[in-house]
Every structure is written in structure tokens, then in C-alpha cells.
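Accompanying notes for the structure given below.
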Amino acid sequence: MAQQYIGQSVKRTEDPRLITGLGHYVDDMKLHDMHYVAFVRSIHGHARIRSVDISAALQMPGVVRIFTGEDCRSIGSIPCAGALEGLKVPAHPVLALEKVRYVGEPIVAVVATSLYLARDAAEAVTVDYQSLPAVVDLERAASADSPRIHEEFSDNIAYTWALTGGDLDQAFKEADKVIKQRMVHQRLIPVAMEPRAVIARFLPGEHELTLWSSTQIPHLMRTQVAIMLGLAENHVRVITPEVGGGFGSKLNVYGEEAALGFISMQLHKPVKWAETRRENFAATIHGRGQIGDLEVAIKKDGRVTGIRYKVWADLGAYHQLLTPAIPTLTGLMLTGSYRIPAARMDVTGVFTNKMATDAYRGAGRPEATYVIERVMDLVAQELSMDPVDVRRVNFPAKKDFPFATATGLTYDSGNYDAPLKKALKLAEYKKWRREQQKARKKGRYIGIGLSTYVEICAMGPSPAMPAGGWESATVRIEPTGKVTVLTGASPHGQGQETSFAQIAADMLGVTIEDIRVLHGDTGVVQYGIGTFGSRATAVGGTAVYRAIEKLLQKGTLLAAHLLQAPKKEIQFEGGKFSIKGDASKSISLQEMALASYTAKNLPVNFEPGLSSTYYFEPKNFTFPFGTHICVVELDGDTGEIKILKYVAVDDCGKVINPLLVDGQIHGGIAQGLGQALMEEAVYDESGQLITGTLMDYAIPRANDLPWFELDRTVTPSPVNPLGVKGVGEAGTIGSTPALVNAVVDALQPFGVKHIDMPLRPEKIWKLLQKEAQ
Amino acid sequence: MIPESFEYFAPTSVQEAVSLAQRHGEEAKFLSGGHSLLPMMKLRLATPKFVIDLGGIRELTQITEEGGKFRIGALVNHHTLESSEKIRGRCRLLAQTAAQIGDPQVRNCGTLGGSVSHADPAADYPAALLALEVEMEVEGPGGRRRISAADFFVDLFTSALKPSELLVAVHVPVLESNVGSAYKKLRQQASGFAIVGAAAIVAKDEGGKCQRVAIGITGVGPKAFRATAAEKALLGKSLTEKNIEKACHQIASGIDVQGDIHASSDYRRAMADVFARRAVLAAAGLSQ
């Protein structure tokens, strides 16, 4: 394969339409005679619904119908794919019945002829609540005397889960020291630029429901919505037009999707609902939300020999699709990029009167990386070692890969010292250590933080996934020679229309303009899994690769027939099949395509047409890694953190498009720094979401962030033929601990060992009020 | 945005706007740059039945000069104040303040008059307007009158505007060339509003002594205020770092300082001192 495109920074083919405003998101679409839905949502964190009075609202102009929980009883429960042993799965109706359990829970759906009239009528619905004590604090929620959120269960503990490997007792017995620390991973709100949106259109004649939805998983949604609504799956079509970001928040099946389908089926009208930003804050999944107690066994040379981590996970009021599974990913990655022979994680998943937590960029892995990267710095501090040395003492060597961890994973490939070395040089680590010393003498506080992360991508082998971990691709050469790629992945900002076209163009020897990548329409694309868990290129891209291999095998058969030569003498190069050693006889892909469709001269038993489909099942996850280094200076007066330098050297295996990879790293770092610096979903004791708008929930802006200096090392993955690993979440996973480590490092003169995020200025200021040691 | 329904008016003169407001009374709201009113309507926290859009009133968008003062129309937006050569040259404090409001989109829409009339305790302008001792020109059913900045900001979201009265212009004194100024603020990370904002103007005599000083503080209490004790402590003193630090102490003494999830009252008090000091230092040319 001649590499004309792979490895090149090809500009995103998606961008012109998006930048010029010509792309179509769900809310851009208007169907004939479309009605609008507005939801009445709970204003209480926990309350019994005494009654719902819709009579006044029904009289409002433009109101078509109003649906209560009672009206929607026939809709199945909102699905949860968690299969943990003993998991308590509460009923999760699309509209609340009897009780509400979080602020923002939908109670009534109002349908009107315009969006404004629907909203007006929703305001006229009266819900009579009997307020109940809200269960907000995670540890109190887990206690036996806490009010119960779901009466059918004996307590608020949804499950307990443990993962253990190696001999922990021995590790702690033989430890030179034991470090203990509590760490909090605050709740975050994903804040995708485009909130959720759904249009449902039921055609009674065809008995067909089409859902346009802003989702990361169109096929899984089709299956689930069909089940919820009792429809045959092949009578449901899910179309995902442009999606303005997901970060996991659209890796889900929400009640609104089924409710809209149901309403359209009742009314025989298309109906639309587009989430407001406030709804997005209150009623789209949140991320993180863990409190953990840590015990670490260490040797005096810096080796970490055992780690125990006991976690309470704040699940929220109900399970969404993957809610209970997320904390288990933390357990898998607990030992990070280190040779730690013994590890145990215990998770207690707890119901609280809040929105459900679920997959949010990184989904359980940022928590693990944060813990283990903080541990490395705690060890360094405890033993007065350089944090770089502690990491090196614990790294597995390049020759140790594939590397088996105490948590039961096998890291595919790695060379952890390579990015570390590069990053140290790029960041001028030694120079900054000297600067730090000089600055301290002058009462200035500079800190240097590292994170030498590893993460788990390319989700994943099907046995490890709740609903299939493979991905599909169809590659079709059209009669004119144009190439259509249908991917089961569902890109929503990652740029795979471009990167998959790069793969296909190189393999088929055509230009990128000859290729069209289609996705996100279950009526067009074969079944697929979707885009999440940094999987689309490693799994979906490989499916494209394998489909083209298969296609070329078929093409070779036809070429042999047309060129009248034995199959083994046919070669394919530069978009042409030819006879080896005889350049005069060749046939282009375009000619082949035409011949295969006109089908006048085909080999015996040759299937007409030129297309192939491949379902790629990966044998393992992939494990990208890297080093992030952050240098900060604290403002002694205000506690503000200034980032002086940020270096990221990432290794995501082979790179299809460096521009896309850098973009993912940039966005990832921004999001990770957002958690470290400012983001936090705050509920008050009555369960009100205090940070319910962008006026109160801070997300990083461009001017909050430094210039990112990026570089990479390339350690190919043996798991797939492209050698790629995945990069969608690496930045988020790597950056958070780098910044926190830098700030704690800056505060060493104040005897600070750990600070919980977000590192808001006031928190730092308070620490700075103490006398420097 | 899904507000409640309202009737929309687009008057072309101040008089017309005021008489519309008078006719519709409490259910009417003036719309200027829309950066406070529209978010509240969006959340249905404000549900005016009548919205009087001032955007078509030309008089309100002018900056003129009369008698050693700028008369800045209420509809002049933050970006204009930030970038106007006249304002940057001769009333720099206002430009310095405007430049730190929100983000470029906000500054292109939000207006001086809209912000000031809203009397948000965390808004940026009040600090500068108090320090500059500006006058507000307002027109109501009873005609035009002037209100000093000190009298204009009454309380939390409460100004001295009477029902149906419209802020027409702000009269801002031109600063002499020997007067230095600065606005320093600690931004609330989500909204960009001031947790603390301090505006200072400082002039020194030939011997380096403080000849004139005014410090306005916003964000800390229910309304912006002048740091009069600090001003008194500085007047006539050498403008040294030490003297400035000493003077800018307990700036918020006597102020009812409330804490919230973004900043506790202790932190706000402490930051009032820090930012007052920074503003004075910068205005005195002793720091950036």
C-alpha cells in the first residue's frame, strides 16, 4: 500500500460545512406538521408526587396532548447494560410515577403546535409534591439509617464489587512504609456544545418509527428503543446527523428518546424536543463522582508493592446505560503504568438524589490515573525522592511487554521511559527544578507536576463489553468507481470521515475526494456499536481496513479473469490491478467496478458488484501512554494558578492523521485541566443543583489555558494491523494529575501532601495563609 | 431561548420609549444589549409582558464631549468603550474596565447603560463610575434629571431609577494627563463577573505625594462602594508600595459581605484588599 494519506495532516473534510454553518444538527430540522414537546421536570431532589393537575395546561392555546407517567406505563424501563452480580436495578420509567428522585426528572410531557406554546403550557402544569429528605452526601447515603431512595430495596447500596490480584497481605507485611490518603473525584457535567435533541416521526402506514437523535450509538439506540416501545427493530430507524460533541453523555439511551417515539406513535405526528442548557445540566448524565480511601505499601527505594483502594461511587438516583460499570474501569487501571504486584479495589455503588453518573470522557480511567499518579508523588514526597525517579523505579521495561498487570489486564505494547525522556527534555525539567528553588527563596511558589499515564482504549473485546465490542465496515466501489465507506462507528467531532477516507484512499489507490464515509443512519449502515472509549479508529478503522482487504481479494479474482492471468500473478497498486512484470496489461478500479456491476463478463460463480463488509473483533484492548508535564506558579495573594508551561508527549501507536490526533490531545487536556482547576457539579443538601447553568458551572475557556507543547513517540499496537491505539481520552486522563501534582509540588513548603479538586483559587489561598515551613 | 410571550416595541426616541414604559408600567422592561434581561427571560425568572427595545434610538449610541466631560450614551457597548481612542486617551479607566467585561461577544452586545441600570452587585462598571464620580442622566415621565453615581447604586439590583425612568447617558469627567488609573479584578470562573473589582485613579504632585485618589470597589457587597478610609490614608502621602499596602487594608470593613459557592465572605474581604492595592499600585505607575 502506497502511503499518500496515512500519516499526513489532512484537513478535516467535515470542517467546511460545519464552519460555514451548513451542517445539519437535529434541531436544524423541521418536518411538515411537526409538534413540539416540553417536559415538566421535578423541582425537588426527593419527593412523593401527590397529584399532577394538567387541566389548566390543556386549555392553553396550541396544546395538543399532555402525557403523564400513567399514560406512558406501557413504555419499558430506561435500559441499564450493567451485568454486575447482585446489582440492584430500580424501575426507571420515562416519566416519573409516584416519586421523583432528582431535580430535573421528567414528570409530564406537553405537546403543542409550537415550542413556545409547549413551554407555556408546561409552566401551567401543577405538580403537588410531598417533599422527602434528600439523600445527597455519598457516605451518608450508604449508611444503614439513610432515607431510602428506592423503597423496594433495603438500602441505597446498588452493588458492591471487588477486584483483587497478587498477594496484598504480603505486600503490606513487607512494606517499609504505608501511605494512606483519601481522594475525591468530584462530579462533573459533560457540557457538550450541542445539548441532546430528538425528533420522532411515526408513519402509521409503514408502521415505521424514525428517530433523529444526537447520539453516539445509533444502532444500540435502535435496539433499545424498539424494545422499550414494543416495536419490531426493523421498523425503527435511528438517524444521527451532525452531533455537536458527546464526551460520553450521548453514549446512552434516555427516557426522552423513547417518550418522543411513543408520543409520535400516539399522535401520528412528528414531534421534536431539543434540550435547553438547563435541562442539559440537570438531566443529562454526569461524570466521575467517587470518594476513595487509599492505602499504599512502599519500599524505601520507591517501589510500590501493593495498593488498596476502597471507593464509594455516586451513581445518582437511577442507572443509565453504563452507570454501574464505570467505577469498575477504575479498578482495572488502578496500577497505572507501573509494575505493582498486588492490588485490590472495592467499589460500593450508592444511589443518591442526583442525576445518574455515567461515561464521561475517560469514564473511570481518569479516576484510576489520578489516584496512581498522585500516589507516585506521595511516594516521592514521603521518601524525598524526585517524582521522576519514583516513576522510573516502578515502570515495567520495554522488554516486559506484553505486560500482565495485577488487575488482570495485558498491556499490548509500551515503552514508558521514551515519552518521559522526551517530555523531560522538552519541558526543561532540570532547569525548572532550579528555578523552583530560586523562586522559593524569594517567596514565590513554582510547582512542577508529572503524569506518566497509561490508559485503556479500543473498547474492546466483546467478552469485556456489555453489548459487543467489535465494529463493522462496508466498503463499496460504486459503478462509477467512487468509493463509499459505511462505518458502524458514529463519529461526532473526532474526524473519522477524514481519517477513514485516508485509510481507504491509500489502500485503494484513489484520491480522498473519491471517497465518502457514511455513518449514523441505521437505515443505511450495517449494524455497528458506535463511538466511545477511544475505539473508533482502532476498532472501526480496522474494520474498514479488513473490509478493503476482503474487497481486494474479490477484485483480484475478477482481475485475473479479465486480464486472463492466474490469480497469483495479479498485483494491485496505485488503484490498478495488473500482471506482475507486465505493466502493459492492467485494469483500473473504476473499470473493474463497472465490469462487476454490468456483469457481462464475470468468472463462474462470481457474485456481481464490488463491495464487502467486515466485522472486526479485537483480541485485546490497546493501551496508549505518555507523559504530561505541567509547570505552575501560584499567586501568593489570591491563590490563582498560572500555568507557565504544559508539555504532552503522547504515544497512541501509529498515527493516521497527526492533525486530528493533536486536536484530540488539545481538547482532552483542556477538559482534564477543567476538572483539575474549576469544574464541579454542586448539589445542596436538599438536592438542588446549585451549578445549574454556565453562570455557575465553570468550564475552561481558551484564555484560561496555556500553549500546549506536544510531541509523540510511536509504539505500534500489535492488536490491529494499523498499529493504532486511540487518542480520544488520553489528554483528559493524562492532564488532570499533572496539574494537581504541580500545584501540590508548589505547596510543598507549606507541608501540603494532597488537595482535592477543583483547585479553585480560594482553596489554594487558604493553604497559603499558613506559614511556609 | 423559550421565554414567555411578550409584546415588542422598537421606539426611535427616548421620549417614545419613556411614554411606552409609562403606559405599560411594571410589566414593561427596557431592552438594551440584552445580556441581563434575556438570560432572565430565557429562564423565565423575568416575564415582562412588554419589551421596549432601545436599539433603534440613535441618541443613545453617541459619545459627545461637553464642558470637560464625555457624555456617553446609555447604549454605547463595552467594545466601543474599550476601543474608542477618545476614551482610551482621556478617560482610560472606563476603557480599562470595559476591556475586562465578559468576552468579546459579550462586549460587542452589552451596553454601559444596560449594565449600570441593572445594578448587578458583581458588575464591573460601578467601581469605575464611583471612582470617577460620574453623573447619570435619566429621563422619566417628569423630564430629565441627573443622579450622582454615589446616589445611583442603591442596593442589590436596585438603582435610583424611578418607575418608567430610563438611563439616557453617563457624564464622565475627562481625566487630566497626570492622572493614572487602573481596574483590577478577580473573575468568577464561570460567569466572568467580578468576585472583586477595584478601580483606582491616582495623581501625584511633583514631590511624588498623592494629590488625588479615588478607589471604587465592586463585587464584594450588595452594591459597589468607595474605599474612603484607604483614600484618606493615601492622600498627601508618598505613593510608595509600603504606604499603598498599608492604606489598602480592611477595605471592606463595615460592608455586608456575603459568601457563595464561588467565594466565601472571608476570601472576598481579603481579595478586596489585594485588588484595591493592585489597582492603586498600577494607577500610581508602580506596577503593571
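Going line by line, the protein sequences match chains A and B.
Quick note on numbering: the first sequence equals residues 3 to 775 in our numbering.
Quick note on numbering: the second sequence equals residues -18 to 269 in our numbering.
Glycine included, every Cβ here is placed at the ideal spot set by N, Cα and C.
Residue i versus residue j - alpha carbon distance
i	j	result
A:Y27	A:L560	42 angstroms
A:Y118	B:L24	13 angstroms
A:P95	A:V127	19 angstroms
A:Q690	A:T330	28 angstroms
B:G197	B:L156	16 angstroms
B:V238	B:L137	12 angstroms
A:I328	A:V12	34 angstroms
B:L93	B:A27	21 angstroms
B:G36	B:S96	15 angstroms
B:G(-10)	B:I33	Per the sequence shown, residue -10 of chain B should be read as Phe rather than Gly. B:F(-10) and B:I33: Cα-Cα distance of roughly 5 angstroms.
A:V392	A:Y616	45 angstroms
A:K2	A:R239	Outside the shown range of chain A (3 to 775) lies residue 2 of chain A, about which nothing can therefore be said.
A:T350	A:V313	6 angstroms
A:I701	B:Q169	11 angstroms
A:H321	A:G250	15 angstroms
A:L553	A:V541	18 angstroms
B:E(-12)	B:H243	37 angstroms
A:K587	A:L596	18 angstroms
A:L99	A:E277	22 angstroms
B:K190	B:S162	16 angstroms
A:A40	B:F51	49 angstroms
Residue i in three-state terms, based on DSSP
i	result
A:T371	helix
B:K50	strand
A:K727	coil
A:W275	strand
A:L810	Residue 810 of chain A lies beyond the stretch modelled for chain A, which goes from 3 to 775, so this question has no answer here.
B:G189	coil
A:P708	coil
A:P404	coil
A:G733	helix
B:D136	strand
B:V115	coil
B:P144	coil
A:I159	strand
B:P149	In the sequence under discussion, the amino acid at residue 149 of chain B is Val, which differs from the Pro named in the question. It is a strand residue.
A:Q438	helix
A:H288	strand
B:T45	strand
A:R787	This structure cannot speak to residue 787 of chain A, because chain A is shown only from 3 to 775.
A:K644	strand
Near the ligand MG: residue i beta-carbon under 8 angstroms from a heavy atom
i	result
A:T330	Ligands are entirely absent from the displayed structure, and the ligand MG is therefore not among its contents.
How about the segment 254 to 262 of chain A and the segment 198 to 218 of chain A: do they share at least three Cβ pairs that are nearer than 8 angstroms?
yes
Quick one, which residues of the segment -14 to 2 of chain B are near chain A if we go by CB-CB under 7 angstroms, in chain order?
S(-14)
As an exercise, report each continuous alpha helix (DSSP H) stretch of at least 4 residues that is fully enclosed by the segment 496 to 556 of chain A, in chain order.
498 to 510
Of the residues that make up the segment 159 to 183 of chain B, which ones have a beta carbon closer than 7 angstroms to any beta carbon in chain A?
So the close ones are L167, Q170, A171 and S172.
Are at least three pairs of beta-carbons, each pair with one atom in the segment 188 to 196 of chain A and one in the segment 240 to 249 of chain A, less than 8 angstroms apart?
yes
Return the chain-ordered ranges of every beta strand (DSSP E) run that is complete within the segment 67 to 129 of chain A and spans a minimum of 3 residues.
108 to 114
Residues in the segment 237 to 261 of chain B with C-beta within 7 angstroms of chain A's C-beta atoms, listed in sequence order?
Taking 7 angstroms as the Cβ-Cβ cut-off against chain A, the residues of the segment 237 to 261 of chain B that qualify are I242, A244, S245, Y248, M252 and V255.
Cβ-based contacts, 9 angstroms cut-off: residues of the segment 24 to 43 of chain B near chain D:
This model lacks chain D altogether, as its protein chains are A and B.
Every unbroken alpha helix (DSSP H) within the segment 555 to 613 of chain A, with a cutoff of 4 residues, ordered by chain:
591 to 600
Which residues, in order along the segment 113 to 126 of chain A, keep a beta-carbon less than 8 angstroms from a beta-carbon of chain B?
Listed in sequence order: L117, Y118, R121, D122 and E125.
For the segment 228 to 237 of chain B against the segment 117 to 136 of chain B, do three or more pairs of beta-carbon atoms, one drawn from each stretch, fall closer than 8 angstroms, so that the two count as touching?
As far as the Cβ criterion goes, the segment 228 to 237 of chain B does not touch the segment 117 to 136 of chain B, which means the pair count is below three.
Cβ contact check for the segment 14 to 26 of chain A and the segment 77 to 96 of chain A: 3 or more pairs under 8 angstroms
No: the two stretches stay apart, fewer than three of their Cβ pairs being nearer than 8 angstroms.
Does the pairing of the segment 58 to 70 of chain A with the segment 308 to 317 of chain A give three or more beta-carbon distances under 8 angstroms?
no
Can you give, in chain order, each stretch of the alpha helix (DSSP H) that sits fully within the segment 49 to 94 of chain B and has at least 4 residues?
59 to 64, 66 to 71, 73 to 79 and 85 to 90
Touch test, the segment 471 to 480 of chain A against the segment 742 to 756 of chain A, Cβ-Cβ under 8 angstroms, three pairs minimum:
no
Counting pairs of Cβ atoms below 8 angstroms between the segment 199 to 219 of chain B and the segment 119 to 126 of chain B, do you hit three or more?
no
Please specify which runs of the alpha helix (DSSP H), each continuous and at least 4 residues long, are wholly inside the segment 164 to 246 of chain B, giving them in chain order.
For the segment 164 to 246 of chain B, whole alpha helix (DSSP H) runs of length 4 or above, ordered along the chain, are 209 to 215 and 222 to 228.
Evaluate contact between the segment 514 to 531 of chain A and the segment 693 to 705 of chain A, counting only Cβ atoms and requiring at least three cross-stretch pairs below 8 angstroms.
no
Quick one: any contact between the segment 158 to 170 of chain A and the segment 458 to 465 of chain A, if contact means 3 or more CB pairs under 8 angstroms?
Contact between the segment 158 to 170 of chain A and the segment 458 to 465 of chain A is absent, because fewer than three Cβ pairs lie under 8 angstroms.
Along the segment 62 to 89 of chain B, what residues have a CB closer than 8 angstroms to any CB found in chain A?
D84
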